[in-house]
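One line per chain: the protein sequences are L and U, in this order. The opening position of the first sequence corresponds to residue 1 in my numbering, with each subsequent residue numbered one higher. The opening position of the second sequence corresponds to residue 144 in my numbering, with each subsequent residue numbered one higher. Below you'll find the structure, written out as structure tokens, and then a few comments.
Protein chains: 2
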Amino acid sequence: MGEIQNRTEMILDKLKEKGHRITPQRLVILRTLVESQNHPSVEDIFAKVRVHFPTTSLATVYKTISVIKELGEVLELEFSGHNRYDGHKPYPHPHLLCVKCKKIVDPELSSLAPLTQELVSDTGYRILSHRLDFYGICPKCQN
Amino acid sequence: MGEIQNRTEMILDKLKEKGHRITPQRLVILRTLVESQNHPSVEDIFAKVRVHFPTTSLATVYKTISVIKELGEVLELEFSGHNRYDGHKPYPHPHLLCVKCKKIVDPELSSLAPLTQELVSDTGYRILSHRLDFYGICPKCQN
DNA sequence: CTGTTTGCAAATTTTTTGCAACCTA
DNA sequence: TAGGTTGCAAAAAATTTGCAAACAG
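Pasting the structure below:
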């Protein structure tokens, strides 16, 4: 149990190892990233930190995300004017986005392995990572 | 033959139909989008138009892309600070990017249909589009 | 002619950077 | 105490918008 706590501790250790310091703001930002299931935006994270530390600046949020990104512990989903972050599963995986309510979920796709296999066989590429985003309308928003 | 010309004509007709006007700048922007195999950025397109019309502004490029996007004749690939455009195949399709030589190819993936099917069955979403980018190293760059 | 488009500049939006004061280790 | 971090403001970078002059139909 405490998988999220363990992951948080692990990242904190990594931070210390690299000579980074653990500030109260960073702790909240890190926890928000690790606990969030819904791929928060910078503004989302900013809002959450502000609850506990009202003087926190956006710059600090950006800087902290940047540090955690260097550790490979958060996945950045690039969108033109609104990046989202996944600190829960910081490795490439498929996303399913509802274009109406903007929710993002992680579907389980057993067919992904065969697809990647086909890609490798057909092209001879060595695959390093991927970005698989599906856009649609979730069951709730279909009404 | 003349597939690209045909597509260009078709889009021009669509533009006229909707009450848009065909200006020389728009013609060059449109041709660049339709002919490009390399998913050009706004700056790429801007540079090409400038060759023929040195007074063209970036705003015009953005506005024209926006209009063509409304017609559904260009695909926008969102990156945080550098969108790319595909006016050659303006519908969602997988991309395979070599991280070394930056080449982009369009792989044929017969496994994509079953994967989408699995997604629909599992989640109940109505899928509207997708973005599938694979990052890897092409055969040539593996040496 | 009429109304759309252009091109310039200013405004927006997201993210980055510089730096003095501050705080963690 | 030393040096990384914060928070403010200014700077970048990409895109959008307002508007008068230009131009397509």
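We put the CB at the ideal spot given by N, CA and C, even for glycine.
Proximity test, Cβ basis, 7 Å: residue i and chain L
i, result
"T266(U)", "yes"
"I247(U)", "no"
"S200(U)", "no"
"E152(U)", "no"
"L275(U)", "yes"
"P167(U)", "no"
"R227(U)", "no"
is_contact[residue i, chain U] using C-beta, thresh 7 Å
i, result
"S41(L)", "no"
"G72(L)", "no"
"Y135(L)", "yes"
"C207(L)", "Outside the shown range of chain L, which is 1 to 143, sits residue 207(L), and nothing can be said about it."
"C101(L)", "no"
"P90(L)", "no"
"H93(L)", "no"
"I65(L)", "no"
Rounded separation between residue i and residue j - CA only
i, j, result
"P107(L)", "E35(L)", "18 Å"
"S200(U)", "D156(U)", "24 Å"
"P183(U)", "L220(U)", "10 Å"
"N181(U)", "T123(L)", "18 Å"
"K159(U)", "I165(U)", "8 Å"
"G215(U)", "S264(U)", "27 Å"
"E261(U)", "Y268(U)", "11 Å"
"A190(U)", "L176(U)", "13 Å"
"F79(L)", "Q148(U)", "32 Å"
"V105(L)", "P54(L)", "30 Å"
"G230(U)", "E213(U)", "12 Å"
"G162(U)", "G224(U)", "32 Å"
"M153(U)", "P282(U)", "37 Å"
"R150(U)", "K232(U)", "11 Å"
Supposed close pair residue i, residue j - CB separation, criterion 8 Å
i, j, result
"H236(U)", "D276(U)", "Their Cβ separation, rounded to whole angstroms, is 10 Å, which puts H236(U) and D276(U) out of contact at 8 Å."
"V140(U)", "V204(U)", "The shown model of chain U, from 144 to 286, leaves out residue 140(U), and the question about it has no answer."
"L255(U)", "L115(L)", "7 Å"
"L271(U)", "Y135(L)", "5 Å"
"R131(L)", "R274(U)", "7 Å"
- the stretch 64-73 of chain L / the stretch 99-117 of chain L touching (three or more Cβ pairs under 8 Å): The stretch 64-73 of chain L, when compared against the stretch 99-117 of chain L, does not touch it at the 8 Å Cβ threshold.
- Note down, one range per segment and in chain order, each beta strand (DSSP E) of at least 3 residues found wholly within the stretch 56-118 of chain L. Uninterrupted beta strand (DSSP E) stretches at least 3 residues long and entirely within the stretch 56-118 of chain L occur at 75-77, 84-86 and 95-98, given in chain order.
- Cβ contact (3+ pairs, closer than 8 Å) linking the stretch 170-177 of chain U and the stretch 136-143 of chain L: The answer is no - the stretch 136-143 of chain L does not touch the stretch 170-177 of chain U, with fewer than three Cβ pairs under 8 Å.
- Within the stretch 15-55 of chain L, ranges of the alpha helix (DSSP H) (whole runs, at least 4 residues): Within the stretch 15-55 of chain L, the complete alpha helix (DSSP H) runs of at least 4 residues are 24-35 and 42-52.
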